[in-house]
Amino acid sequence: MRMFMSQFAAARPGLTAGDSSPRSTATRYRRLGMTVFALAVACSAFAQDLLIRDATILTVSHGKIEHGSIFVHGGKIAAVGTNDQVTGPSNAQIIDASGKFVMPGIIDTHSHTAVEGSVNEISLPNTGMVRIRDVLTNEDIDVYRQLAGGTTTALVLHGSANPIGGQSQIVKWKWGHPVSEWPVSDAPRTIKFALGENPKSSNFRPPPGIPAQYPQTRMGVEEVIRQSFTDAKDYIARWDDYEAKRKRGETPIPPRHDILMETMVDILKGKIDVHSHCYRADEIMMLLNVADEEGFKIRELQHVLEGYKVAKEIAAHGVGGGTFIDWWGFKAEAYDAIPYNVALMNNAGILTSVNSDSAELARHLNQDAAKAMKYGGLSEEEALKLCTLNGAKQLRLDHRIGSIDVGKDADIVIWTGHPFSTYSRVETTLVDGEILFDRQKDLSLRKQLAQEKKDRLKKEADDEAKNKKKPGKSDDDAKPEVTNEN
Amino acid sequence: MSRRFLCFSVVSLLFLAASAFADAPGVYAITGGTVHPVSGPEIANGVVIIRDGLIESVGVNVAIPLDATVIDVKGSHVYPGLIDAQTSLGFPSATATRRRGGGAGARTAAPEALPETGPSFLAFREAKLSDDDLDAKRGTGVTTIVTAPAFGIFNGQSVALNLSSGTMESRVIRNPVSQQISFNPRPAWTYPDSLMGVISYIRQTFMDAQQYSAARAIYDKNPAGYKRPDESPSLEALGGVLHRDVPVVFVADSELMIRRAEAIAKEFNVRMIIGGARQGYKMGDELKSLGAPVLVSTKWATAPTAKEDREEQPLRVIRDRQLQPTTPAVLAKSGVLFALVSGAGKTADYFAGIRKAIENGLSADDALKATTINPAKIIGIDRQLGSLDRGKIANIVITDKPIFDKESKVKRIFVDGREAKVPTEDEKKKSASTSTGTGVDGTWSFVVKATSGDVNISATLHVENGQISGTYSGDHGSGDVGNGTFDGTTVQFSIAGGGKEEAGDWVFHGTLHGANMDGTVATTLGTFPFTGSKK
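Chains C and A are the protein sequences, given in the same order.
The first sequence begins at 84 in my numbering and counts up by one.
The second sequence begins at 2 in my numbering and counts up by one.
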């Protein structure tokens, strides 16, 4: 598929000036013959071609384009530039974005939205065998609300009740699509680790009669992580021994496949990225040291409210940081949090993002990113990256999302004004080139849905009243179909 | 031998014979009724001959055997006894046991280490069927059931039973019918206590069964030089499932749960039957292409009683409960092999649920198939049961009106060719009143005494097989109640903090005292007392 796209990219109506009239486009389509046909089939699952016209485009990767246009084809950004540089075929749907602002879809690297059942499997200190992707639900209305706030991609994490939580899942908020289409296909696998008060159960105690869950201290948290990797190495040795015996022509009894241990092994092999919940500087250093000693990598520190205290060390480890801009004091380990944390970490060379941990905050991460211009003086583009490109890099998906660039997924948000203004709101959100939120459509749909609800409730009440009125009056209720065998 | 003695002997022989016949299935000719054989068109003024527990003949011009007791049922309707292919009859509805699940041992624990059920659990051995259960069930026209407990994750091996008097052994039609799996999380702090944990647990158990079977094969071939594998009845029991000899009934109601079950069935190449499927209306054609038969539970979602509670519900929930009863009609249209079952529902509500499906587009003809020949096919007993045909088991129900008519009454029932008792209307009412819901069902007002002040929460709770579900709203946001369990006195459930993980789930642990509840709420901010009262 990707190969097809690049073939097509060479022939697309796009940035090259002068040769983009519909006529020459048609000629090019014809010349491509079967390739174009194959593409048309392959792309039929995507929305139709779109041309966003005359917007102020915040590309994030290469500055701001005034009076710019974006051509969306096959779910991808096929062209971006000024109005006169970018055209599309005559059948493309035109979105007039005059006076509006366009930015890439917001990326939330800390979400618990769209999870059915508990986000925590709290029964064990290490629950790396469980997977968020098994329990995603497409019925969580918060997903739609987040699209209405411009958020298009999220890392949906297991909770922080245990030192090693479940496997997390990177998804796009493809509202209206089956949930099987939500996981980003080539995204890395991820897992949640957690340090500090939550995994030591400080705030979450079992009811009387159930013993406290191990661990109860930060020491214990560290021990659980170390022991898990020690166990994983034993597990590897057991399987290596089995394979060696087989190679020698023996028929050994196969060891047990242990989903948890296989998860730990995949972390060691770099196949699963670790995103770890943490607050305090000491526990951050602990985790970096344990990772070095056990031989695995931390991809991103989550929350990391004291990251500014050890920013140099985090940067030296090449670990990202996803944090809150101005949440603090909500528990003991958040007392040293400061709003300058984002800017301080960013300036120390840490790949930094702002994320939500909240279905509500996930609707306006643009505002949190904006605050980093006030607290620490980040530039507009640096601040924009906090909720877009930096998150994409932390998720290792910056080849697909995070900026308005040719070839990237058409995850695009159109705002009434600059997204850093509290007065701006989202007009349209595209995911993979498909309009999944549109404010005007939403407003008209509201009336329709309210009417449906009213009608359904009325019918229900009427039916009940009818049944109550004539209990036992069977003749009126007799169903004609039961009298024959048609 | 004196004449007198001979006379005595003849009399006593006759007496003996008579008493033997009273107990043995005899010969009956059911005449004059409209016979619905299911396998063919209905027969007006038809005759069904029963001999020694089996159907001898069905038709119009059937000669009445001389030894037959003639039962004239003119004006009535004669059907094969109905088959309710998924029930938990004979099992308690709740599990009270809580097991500590921590430490390294838990993740290597075989299923039998968990309480109550597991793959080797035999419903045949454990079901406790009371005469009242049997009478009530038969009173609705059901003569064969499949039963397994609804609690636990691996519910165990279900059994198909004729609802006859006599021993459990004599009732069995098929054993086991299936392995049954339910996605029931265990109480908090016991693995697995989340839905995602349950899925991992099921997958791990199947992987263990694969490994067990591989290890046994190697060891049994040549034990010398090997450490012998541990014996595991549970993993042994799953061997039949992995070899596709025994199907798995996955109890899955929602579209998403059905897809989760499908993923597991595909991963381990097991034969799937879907049980529940109340959201099957969303996916008729997909279920058809999936090819798995469906046992549709007729326990349709109901509306809250209070008008204001209904208005607070999202359209999605209202729409769902109104569309659920269209599931059978949708499946019939898509050509899915399905049966209508009581599932988690009460015996007394089974027929109301079937009638609701008929009101929502299912033909009475399809409803009859879905309660006779279809379930027989799905559970593999269609050569013995499911229609009125020569040679099949004589399970017969006779009603005064077409069987799914609202006013239809069961007049006589034959099970294994023996006439069985039909409960009177008074007995039916009595059994219905004793099987009504638990004290938890209803709308509750909770007050949580948090350090920051009182938090008022309103919740509508519903108990089904020891699992609490429902919705909540109030000072702590609104949403679905999760992870709920009820064991008769102790209540546990959690509410989410509006998707905000730092706010965390609030886990309620309470005790029920009539219309009141009290206990504690565990939150990330600390543990607070709460009280609740039923509206």
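Just so it is clear, CB atoms sit at the ideal spot from N, CA and C, and this is done for glycine as well.
Quick check on this structure: which residue in A/397, A/444 and A/141 has the alpha carbon closest to the alpha carbon of residue 463 of chain A? A/444
Where DSSP assigns a beta bridge to residue 339 of chain A, which residues make up the other side? A/295
For residue 170 of chain C, is the classification buried or exposed, using 16 other Cβ atoms within 10 angstroms of its Cβ as the cut-off for buried? buried
Applying the criterion that 16 or more other CB atoms from any shown protein chain within 10 Å of the CB defines a buried residue, is residue 376 of chain A buried or exposed? buried
Just by C-beta distance, which residues in the region 188–209 of chain A are closer than 7 Å to chain C? 189, 190, 191, 192, 193, 194, 195, 196, 197, 198, 200, 201, 204, 205, 208 and 209
Cut-off 8 Å between Cβ atoms - residues of its own chain near residue 127 of chain C, not counting five sequence neighbours on either side: Bear in mind that a pLDDT of 44 at residue 127 of chain C, under 50, signals an unreliable position, so the model cannot answer this.
CA-CA distance, residue 232 of chain A and residue 156 of chain A? 20 Å
CA-to-CA distance, residue 309 of chain A to residue 533 of chain C, given in whole angstroms: 15 Å
Mapping DSSP to helix, strand and coil, what is residue 324 of chain A? helix
Return the CA-CA distance between residue 224 of chain C and residue 475 of chain A, expressed in angstroms with no decimal places. 18 Å
Going by DSSP, name the residue or residues bridged to residue 193 of chain C. Answer is none; residue 193 of chain C lacks a bridge partner.
Locate the alpha helix (DSSP H) running through residue 474 of chain C, then write down its first and last residues. 472–477
Step through the CB atoms of chain C and report whether any lies within less than 9 Å of the CB of residue 312 of chain A. yes
C-alpha distance - residue 205 of chain A paired with residue 213 of chain A, whole-angstrom precision: 12 Å
Which residues, taken in chain order from the region 326–342 of chain C, show a beta carbon closer than 7 Å to some beta carbon of chain A? 334, 336, 337, 339, 340 and 342
Helix, strand or coil at residue 271 of chain A [DSSP, three-state]: coil
Please classify residue 193 of chain C: is it buried, with 16 or more other beta-carbons within 10 angstroms of its beta-carbon, or exposed? buried
6 Å CB neighbourhood of residue 549 of chain C in its chain, flanking five on each side removed: none
Taking 9 Å as the CB-CB cut-off, is residue 224 of chain C touching chain A? yes
Can you tell me which of C/157, C/151 and C/150 puts its alpha carbon nearest to the alpha carbon of residue 517 of chain C? C/157
Name the residue from C/234, C/491, C/332 and C/357 whose alpha carbon lies nearest to the alpha carbon of residue 379 of chain C. C/357
Using the beta-carbon count (16 or more within 10 Å), is residue 271 of chain A buried or exposed? buried
Rounded Cβ spacing between residue 179 of chain C and residue 448 of chain C (contact assumed at less than 8 Å): The Cβ separation is near 27 Å, so there is no contact.
In DSSP terms, what residue 480 of chain A is bridged to: A/473
Determine the DSSP secondary structure at residue 543 of chain C, reduced to helix, strand or coil. helix
To the nearest angstrom, how far is the alpha carbon of residue 163 of chain C from that of residue 415 of chain C? 48 Å
Per DSSP, what kind of secondary structure is residue 174 of chain C in: helix, strand or coil? coil
If you follow the alpha helix (DSSP H) that residue 325 of chain C is in, where does it begin and where does it stop? 301–330
With 16 other Cβ atoms within 10 Å as the buried cut-off, status of residue 105 of chain A: With a pLDDT of only 33 at residue 105 of chain A, under the threshold of 50, the placement of this residue in the model should not be trusted; the figure read from the coordinates follows. Exposed, by the Cβ-count rule.
Residue 444 of chain C to residue 137 of chain A span [Cα, whole Å]: 54 Å
At a CB-CB cut-off below 9 Å, which residues of chain C make contact with residue 323 of chain A? 539, 542 and 543
Between residue 71 of chain A and the rest of its own chain, which residues show a CB-CB distance below 7 Å, the 5 nearest in sequence each way excluded? 30, 32 and 65
Would you tell me roughly how many angstroms separate the C-alpha atoms of residue 401 of chain C and residue 259 of chain C, rounded to the nearest one? 37 Å
Could you tell me which of C/342, C/188 and C/165 sits nearest to residue 159 of chain C, measuring between CA atoms? C/188
Shortest alpha-carbon distance to residue 468 of chain A belongs to which of A/135, A/189, A/51 and A/161? A/189
Bounding residues of the beta strand (DSSP E) (the contiguous stretch that carries residue 294 of chain C): Neither: residue 294 of chain C is in no beta strand (DSSP E) and is coded neither H nor E.
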